[in-house]
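Position one of the sequence shown corresponds to residue 8 (the numbering used here), numbered consecutively onward.
Even glycine gets a Cβ: it sits at the ideal position worked out from N, Cα and C.
Some notes on the structure that comes next.
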Amino acid sequence: MKQRLVIFSAFLTPFRSGAEACAEEVALRLCDRFDITIITARLRRDLPKRDLLQGKVPIIRVGFGFGFDKWLYPLLAPLATWKLKPDVIHAVLESFAGLALLLNKAIGYRAVRILTLQTTNRNFLRGMIIRSPDIVTAISKVLADQAYTLGRKDVTVIPNGIPYGEIRKACDGVEKIPGRILFVGRLEKMKGVDVLLRAFAKIPVPVPKLHIVGNGSERVALENLARELSISDHVKFLGYVSGTDLYKEYAEAQIFCGLSRSEALGNVFIEAQAAGCAVIGTEIGGIPEAVHDGVTGILTEPDNPELTSYVLIELQQNEKLRTSLATAAVERAREFDWCVIAERYAKLYDV
């Protein structure tokens with residue numbers, strides 16, 4: 008008989024980000040071995056209360072179909088769990104899902120409880136949420152260290168994964184475009200895109216092309232900054248891009264540059280490595296775990312456009328270095344394939 012597993016994830020596609028990718032990709036790869044149900048918040052009235060993820064994994068959406076559902080989720084998810092009688096409950100992300108896991112214990116349902124830490128954000132309940140589960144995992148050593156300071160004694164580091172095979176397939180037959188620089192991520196202050204634009208503006212002629220993939224509250228300000236720096240003709244804001252179109256952006260870029268001011272791990276750095284980009288990141292958070300400085304990429308200081316500009320120019324001009332980094336990066340990225348990551352979770356579920 009299969010182990011019954013419930014995954015708590017307050018958000019799923021179409022609200023998918025890194026944490027939600029973990030919930031979805033692990034469930035899809037293990038649903039043949041475990042009886043898996045994902046409980047999420049409904050959030051929109053056009054989303055059905057019951058659904059199937061890619062026709063395979065049952066989804067239960069709790070709430071009334073409004074944004075407020077995320078606040079109700081910690082209360083409603085445990086109630087939905089009672090009927091399923093799971094052997095294991097896995098909460099992905101320590102905010103809404105983590106609180107739901109804590110309340111599930113409070114109402115007395117007995118199951119093995121697993122929490123996956125995904126964010127550096129803090130709240131006043133974080134310590135209690137982290138100390139309560141039977142098993143805690145973290146996507147980076149940085150998050151594990153934070154958990155230790157909050158009283159957690161044992162944390163297993165399991166990073167988020169990437170669709171390695173899909174990315175490599177998208178790269179087949181695609182030539183790198185000379186000078187193409189790429190950023191992928193939310194256009195928020197923490198991502199340091201303003202620093203990237205200032206660094207890009209310092210590159211002498213002939214100026215390369217910078218593609219910026221993603222949306223966010225800073226987009227208009229960043230577009231204005233590009234105009235102020237007189238680089239608008241060389242910067243393309245592509246908005247939200249996903250799937251094979253995103254992988255094509257990675258495949259065509261020679262250099263990927265992400266200058267985050269805060270980052271729990273940074274899956275985009277791993278995706279870029281899988282696509283054979285020479286990667287530039289910052290010495291912040293979990294990025295050094297994703298990018299081995301001088302081996303699979305180069306790490307620089309945050310908020311330092313002068314240093315970043317120097318690194319960008321060096322990678323553009325030094326083909327030997329660029330090729331060496333990209334070759335090592337493609338091989339290292341294999342370790343983050345979702346199939347590999349799912350197997351690590353399977354060992355925790357199989358209790």
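Could you tell me the distance, in whole angstroms, from the CA atom of A28 to the CA atom of F18?
10 Å
Cβ atoms of L204 and V242: under 9 Å apart, would you say?
yes
Between the stretch 50–65 and the stretch 176–194, do at least 3 Cβ pairs fall closer than 8 Å?
Touching, no, given that fewer than three Cβ pairs across the two stretches are closer than 8 Å.
In angstroms, rounded to a whole number, what distance separates the CA positions of I238 and E321?
20 Å
To which residues of the same chain is S269 closer than 8 Å at the C-beta, ignoring the five residues directly before and after it?
Around S269: T127, M197, I291 and G292.
Keeping to the same chain, check which residues put their C-beta closer than 7 Å to that of G134; ignore five residues upstream and five downstream.
L157 and G158
Would you kindly check if the distance between the Cβ of D94 and the Cβ of L83 is under 9 Å?
no
I think L122 touches A151, with their Cβ atoms under 8 Å apart; what is that distance to the nearest whole Å?
In fact, because the Cβ distance is near 12 Å, the residues do not count as touching under 8 Å.
So, S5 versus P170, is the Cβ gap smaller than 9 Å?
Beyond the ends of the chain as shown, which are 8 and 358, falls residue 5; an answer cannot be given.
Quick check: what's the CA-CA separation for R120 versus I348?
19 Å
Which whole runs of the alpha helix (DSSP H) in the stretch 13–64 are 4 residues long or more, in chain order?
25–37
How is I320 classed by DSSP in three states: helix, strand or coil?
helix
Ends of the alpha helix (DSSP H) at T127?
Careful: T127 lies outside any alpha helix (DSSP H) and carries neither H nor E.
Tell me the start and end of each unbroken beta strand (DSSP E) in the stretch 151–181 that is at least 3 residues and wholly inside, in chain order.
Those beta strand (DSSP E) runs which fall completely within the stretch 151–181 and span 3+ residues do not exist here.
Just checking, does the stretch 274–290 make contact with the stretch 317–336 on the three C-beta pairs under 8 Å criterion?
yes
Which ranges does the alpha helix (DSSP H) cover as unbroken runs of at least 4 residues, wholly within the stretch 83–124, from first to last along the chain?
103–113
Looking at the unbroken beta strand (DSSP E) that takes in T251, where does it start and where does it end?
Annotation for T251: no beta strand (DSSP E) segment contains it, though the alpha helix (DSSP H) segment containing it runs G250 to E259.
Just the C-alpha distance for P312 and R234, rounded to the nearest angstrom, thanks.
Rounded to whole angstroms, the gap between the alpha carbons of P312 and R234 is 17 Å.
Quick one: give me the first and last residue of the alpha helix (DSSP H) that V200 is part of.
Residues V200 to A208.
Short of 6 Å in beta carbon distance, which residues of its chain neighbour S24, apart from the five on each side in sequence? Order them along the chain.
none
Following the continuous alpha helix (DSSP H) through V275, name the residue where it begins and the one where it ends.
Segment N274 to A281, the alpha helix (DSSP H) holding V275.
Assign P5 to buried or exposed, taking buried as 16 or more other Cβ atoms, counted over all protein chains shown, within 10 Å of its Cβ.
A question about residue 5 goes unanswered here, because the residues of the chain that appear run from 8 up to 358.
Where does V143 fall in DSSP's three states?
strand
Taking 9 Å as the threshold (C-beta atoms), are H218 and E173 in contact?
no
Are three or more beta carbon pairs between the stretch 30–45 and the stretch 337–354 nearer than 8 Å?
Output reads yes: the stretch 337–354 touches the stretch 30–45.
Between the Cα of A145 and the Cα atoms of G168, F131 and N130, which residue gives the shortest distance?
G168
Hey, how far is the Cα of L12 from the Cα of L109?
Cα to Cα, L12 sits roughly 17 Å from L109.
Leaving aside the five residues before and after F41 along the sequence, list all residues of the same chain whose C-beta is less than 7 Å from its C-beta, in chain order.
K9, Q10, L12 and Y356
Quick check: what's the CA-CA separation for P21 versus R57?
15 Å
Which residues in the same chain as K112 place their Cβ atom closer than 7 Å to its Cβ, once the five residues preceding and following it in sequence are excluded?
R120 and S139
What does DSSP give as the partner residue(s) for I67 in the beta ladder?
I46 and R57
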